[in-house]
Amino acid sequence: MHVEWHVEDAVVASVAAHAARAVPGVARLEPGMAGLVRGWGRSRWQQVKGLTPAPADGVGVRRAGDDVEVWVGIATRAGAQAAAVARAVQREVRARLVRDTGVEPGRVSVTVLDVVR
714 MHVEWHVEDA VVASVAAHAA RAVPGVARLE PGMAGLVRGW GRSRWQQVKG LTPAPADGVG
774 VRRAGDDVEV WVGIATRAGA QAAAVARAVQ REVRARLVRD TGVEPGRVSV TVLDVVR
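Numbers given in my numbering equal positions in the sequence shown, counted from 1, plus 713.
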């Protein structure tokens, strides 16, 4: 018996977003301009299918075969070292995706787009 499974990109993005928000020093997720367009498209697609859009603004997912790439845009809190927060987000997103979905991303990229005072 052969069993095949697939975790949708919207689920991967939602789990990654939840993981990133939980990291100390992250004020919020930041979609950036490209992320706004992707998020709008994903949200419309989910609404057309009758699904409640998963909260994943600020997270993008790209697949190439079995390889999964995740990128996250964040705003850090003033006083938190941005590079350390970004590394913590990378670790947490990777760990949570493996634990909650079984998806092991080949790359997790984090961009600090703002600092909130």
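Cβ coordinates follow ideal geometry from the N, Cα and C atoms, glycine included.
- Membership of residue 823 in the beta strand (DSSP E) is indicated by the continuous run 820 to 829.
- 8 Å or more divides the Cβ of residue 777 from the Cβ of residue 723.
- Rounded to whole angstroms, the Cβ separation of residue 821 and residue 798 is 14 Å, and the two are not in contact under 8 Å.
- Your pair residue 763 and residue 786 does not check out as a contact, with CB atoms roughly 28 Å apart and the cut at 8 Å.
- Assignment of residue 779 by DSSP, reduced to helix, strand and coil, places it in the coil class.
- Between the alpha carbons of residue 818 and residue 734 lies a distance of about 18 Å.
- Look at residue 816 here: in three-state DSSP terms it is coil, with no helix or strand label.
- Close CB contacts of residue 732 within its chain, under the 6 Å cut and outside five residues either way in sequence, are with 805, 806 and 809 (chain order).
- For residue 716, no alpha helix (DSSP H) encloses it, and the DSSP letter there is neither H nor E.
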